[in-house]
Amino acid sequence: MIPFENTCPYDLIQQDVYVPECPFCHTDNVLLPLKRKDLPEIARGVKKLLVFPCCHNKTTLVDVDTDYLLANEPLRQRQ
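Every position in the sequence shown, counted from 1, becomes a number in our numbering once 72 is added.
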C-alpha cells in the first residue's frame, strides 16, 4: 500500500508542474523545477531529486500518477 503521508498533489498548467502548497514552508502555488515530459520517466521508476525553489528543501520522488507525487519521505503532517 502506498503511504499517503509521502504524497503531494500536483497540477499541470501547460508544460509546468505546480504544487498547491509547499510541504515544507507552506508557500502557495509553487512552480516546481519539473516539466510534463519528466513525469513519465518518474512513473517508470527513475528516482528524481526535487528541490523546492521556495525554501530549497529537497526530497526524492520515487513515483508519480495523474494526481500525486510520491516521495521517499513523509511530506504531510499526521493529524
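Yeah, the Cβ is synthetic: ideal placement off N, Cα and C, and Gly gets one too.
Subject >> Within 8 Å, strictly: CB atoms of L122 and L104 >> reply: yes
**OP:** Classify L111 as helix, strand or coil using the three-state DSSP reduction.
**Re:** helix
Original post:
Cα separation between V134 and P125?
Top reply: 19 Å
**OP:** Below 8 Å on the Cβ atoms is my guess for L142 versus P95; work out the distance and round it to an integer in Å.
**Re:** The Cβ separation is near 12 Å, so there is no contact.
Subject >> Counted within 10 angstroms of its Cβ, other Cβ atoms place Q151 as buried (16 or more) or exposed >> reply: Reliability fails at Q151, whose pLDDT of 43 lies under 50, so the model's placement of it is uncertain and the value that follows must be treated cautiously. Looking at its Cβ environment, which holds fewer than 16 other Cβ atoms inside 10 Å, Q151 is exposed.
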